[in-house]
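Here the sequence shown stands for residues -28 to -1, 1 to 81, where the numbers follow mature numbering (1 follows the signal peptide of the UniProt record, and there is no 0).
Ideal Cβ placement from N, Cα and C applies to all residues, glycine included.
The structure appears right after this line, and notes come after that.
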Amino acid sequence: MATTRADHRAVVAAVLLVVAAALGAGSAAQPAAAAGVGAGTGGAARVPLPLAVRVHCTGLHVVRPGETCASVARAAGLTVGQFTLLNPNVTCAAMFHGQWVCVRGSAVG
């Protein structure tokens, strides 16, 4: 069976939809966090970054039990917004003991 250009486009479109859904799955809970739900647990809404933004991390921190995005950011002299910019793949509500996070660096893009 021969495949056509339309078949290839359909496959590419399907793959892109799956990738977009997977990337968006982590942001499904963001509206609740943005509305203040979970604020006591350090849950802050992540700010989605354009794909062209690259983070150059020059300082790492290993999350300890009980730490939150807010407490790690505060200890590093960052705002939660700066912390989430340096850690676009970290979900504050799901940060865990032993996780490596960036606490110093720059976002370029």
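Per-residue burial, residue i [other beta carbons within 10 Å of its own, 16 or more giving buried]
i     : result
Val44 : buried
Thr30 : exposed
Arg36 : exposed
Asn59 : buried
Thr51 : exposed
Ala7  : Unreliable positioning characterises Ala7 in this predicted model, as indicated by a pLDDT of 37, which lies under 50. The coordinate reading is nonetheless provided below. Under this definition Ala7 is an exposed residue.
Ala42 : buried
Terminal residues of the beta strand (DSSP E) in which residue i lies
i     : result
Thr30 : 26 to 34
Ala79 : 72 to 80
From the options, residue whose alpha carbon lies closest to that of residue i
i     : options                    : result
His33 : Ala66, Gln54, Gln71        : Gln71
Arg18 : Ala48, Glu39, Val62, Arg46 : Val62
His28 : Ala42, Phe55, Met67, Phe68 : Phe55
Val75 : Glu39, Gly38, Gly49, His69 : Gly49
Gly77 : Ala66, Cys64, Leu57        : Leu57
Extent of the continuous alpha helix (DSSP H) run through residue i
i     : result
Gly53 : 52 to 58
Arg46 : 41 to 47
Rounded Cβ spacing between residue i and residue j (contact assumed at less than 8 Å)
i     : j     : result
Arg26 : Val80 : 5 Å
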